[in-house]
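Input: a single structure, listed below in C-alpha cells.
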Amino acid sequence: MKKTLTLVGVLATSAALALSGCAQAPGTDPGASAAPSGAASSGGTDAAGFKACMVSDSGGFDDKSFNQTAYKGLTDAKTMLGIETGQVESNAAADYAKNVQSMVDAKCNIIVTVGFALSDDTLASAKANPSIKYAIVDNNDPTTYPAATNLKPLVFNTAQSSFLAGYLAAGMSQTKKVATFGGQKFPTVTIFMDGFAQGVEYYNTQKKADVQVLGWDSAKQDGQFVGSFEDQKGGQRVAQGLISQGADIVLPVAGPAGLGALQATKASGGKANAIWVDTDGCVSAETYCSSIITSVTKGLDVSVTDAIKAAKDGSFDNKPYVGTLENDGTGLAPYHDFDAKVPAELKTEVDALKADIVAGKITIESKSQPTS
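Throughout the sequence shown, residue numbering follows mature numbering (1 follows the signal peptide of the UniProt record, and there is no 0), covering -25 to -1, 1 to 347 in sequence.
Set out below in C-alpha cells:
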C-alpha cells in the first residue's frame, strides 16, 4: 500500500507536521526551518554535485510505514555516497505535480516519488525531463512505463509475504475470524489483501478448518476501505467494527490510518491483535509492539538506495525492481513479543510455505502482483 506505509508513541498526522505543504522529514534538526511547498529541503554536498531527491505521498515522511521507510533509503544513500539530498512532503493529491516540479527546479539528478498516487505526475515529469532519472515506489504499469526510459519502478510482490501472514493469522486465531482492510482501493493495497485471504484459504484446506476473512472478498475484489490513508480515527472505527464482528487478528493496509487499528487492538486488552505492513511495526510503531504479531515487510529503503546509487554510478536502467520472498525484498518480520506465543509447529509450517512459494510449488493469484 501503498501506500506501506509508517516511530514511537501516539503519533501526529502528517498535516500536523506540515508547513504550507512541506514539512521536515524524520530526523531533521528541529531548529531548522521547513521549506515551503514546492521547495527542497537539502542536506550535505558532494564534490561531483550529485543530488538525489524525494517526494512523499499525502501520508508524509513520518507515517511509520511506507513513506518513512522509503525516506530512510534516501538518508542511507546520503550517508553511503556522500551526496546532496532534497525532499518535499505532500499533504494532499493537489501537491503532487508542483512538488515533483520543485525537485526538477532544484536541479536534482534523480527524483524518487513515493506511492501509486503519484504515478501520473511522475510519468509526465519524466517524459518532460529526459535528462533526469526518476524512480517511483509501488507502481509498475506495463502499458506506460516503458515509454519513459528514465523512470524505474520499485515494486514488491507482497502477495507472497501476505500469504504467509494469512496462514499465520489463521493458525493463531482463537475466534476463527480474521480481518483486513485498506486505506484506499489501490492495487498496492489490494495485493496484501489478496495474499492474506489466500493464505487463510490455504490454511483451511490444509487443516480442514473454517477460518473466515472479514473485510475482503478476493473473488469480488471488494472489501472495506477507510477512504483515506491519513484518517487514523477512520482506521480505528473500521478496525473496531471488524473486532466487534469477532475478528481477533487484523491486517490494516492503510498507512497512517492503520495506526488506528493498532490503537483498537491495543485497547482490546489482548482480545485482538494486529499484523502490520510495509515495515517492522515493532520498530516503526514501538508503542504498539505488544499487539503486533509480526509485520509484512518491504525492502523499500534498500530499493531506493540502490536506485540512487545506480543513477550516480551510471548503471541506472528502467527495468522494474521487484521485491520477492526469494530476494528478501519482502517477507515477515520477527515475532518479537509473540515469539513464545506462536506455536513452534506453526512457525515451521510458515517457513516451509515460504520455501514452497520460492520454489514455485504454491502459486498465489492476484491481479495486483507486479510484472517484471
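Where a beta carbon is used, it is the ideal one built from N, C-alpha and C, also for glycine.
Return the Cβ separation of residue i and residue j in integer angstroms, given the expectation that the two are a contact with Cβ distance under 8 Å.
{"i": "A249", "j": "T262", "result": "Not confirmed; about 13 Å, so no contact."}
{"i": "D37", "j": "Q43", "result": "6 Å"}
{"i": "S266", "j": "L237", "result": "7 Å"}
{"i": "T280", "j": "A308", "result": "Contact flag wrong, Cβ pair sits at about 19 Å."}
{"i": "V89", "j": "F41", "result": "7 Å"}
Alpha carbon to alpha carbon, how far is residue j from residue i? Give it in angstroms, no decimals.
{"i": "A154", "j": "V225", "result": "5 Å"}
{"i": "T20", "j": "P128", "result": "With a pLDDT of 39 at T20, under the threshold of 50, the modelled position of this residue cannot be trusted, and the question is left open."}
{"i": "S278", "j": "A110", "result": "10 Å"}
{"i": "F204", "j": "T124", "result": "30 Å"}
{"i": "M(-25)", "j": "E320", "result": "Only weak support is given to the placement of M(-25): the predicted model assigns it a pLDDT of 41, under 50, and the question is left unresolved by the model."}
{"i": "T305", "j": "V164", "result": "14 Å"}
{"i": "residue 348", "j": "M168", "result": "Lying outside -25 to 347, the shown extent of the chain, residue 348 is not represented and no answer is given."}
{"i": "C264", "j": "L143", "result": "17 Å"}
{"i": "A330", "j": "G170", "result": "16 Å"}
{"i": "Y46", "j": "K183", "result": "43 Å"}
{"i": "residue 362", "j": "E64", "result": "Residue coverage of the chain in this structure runs from -25 to 347, which leaves residue 362 outside it and unanswerable."}
{"i": "I339", "j": "A286", "result": "33 Å"}
{"i": "G158", "j": "V252", "result": "12 Å"}
{"i": "G202", "j": "V228", "result": "12 Å"}
{"i": "T254", "j": "K322", "result": "20 Å"}
{"i": "S343", "j": "I166", "result": "5 Å"}
Would you give the residue range spanned by the alpha helix (DSSP H) that residue i belongs to?
{"i": "D276", "result": "275 to 288"}
{"i": "V213", "result": "207 to 219"}
{"i": "residue 402", "result": "Outside the shown range of the chain (-25 to 347) lies residue 402, about which nothing can therefore be said."}
Going by C-alpha to C-alpha distance, which of the options sits closest to residue i?
{"i": "S341", "options": "G233, D192, I111, K39", "result": "D192"}
{"i": "T60", "options": "A68, S40, S31, N84", "result": "N84"}
{"i": "A101", "options": "Y46, D113, K336, V87", "result": "V87"}
{"i": "V112", "options": "Q149, G174, P231, D276", "result": "D276"}
{"i": "N74", "options": "D32, L49, A232, Q199", "result": "D32"}
{"i": "A103", "options": "A92, F91, V79", "result": "V79"}
{"i": "K53", "options": "A330, M29, A334, S266", "result": "M29"}
{"i": "K108", "options": "V297, D292, T346, I332", "result": "D292"}
Please list the terminal residues of the continuous beta strand (DSSP E) segment that includes residue i.
{"i": "E59", "result": "59 to 63"}
{"i": "D253", "result": "248 to 253"}
{"i": "Q187", "result": "187 to 189"}
{"i": "G306", "result": "305 to 307"}
{"i": "C28", "result": "26 to 30"}
Beta strand (DSSP E) runs contained entirely in the segment 119 to 175, provided each spans 3 or more residues: 126 to 131, 152 to 157
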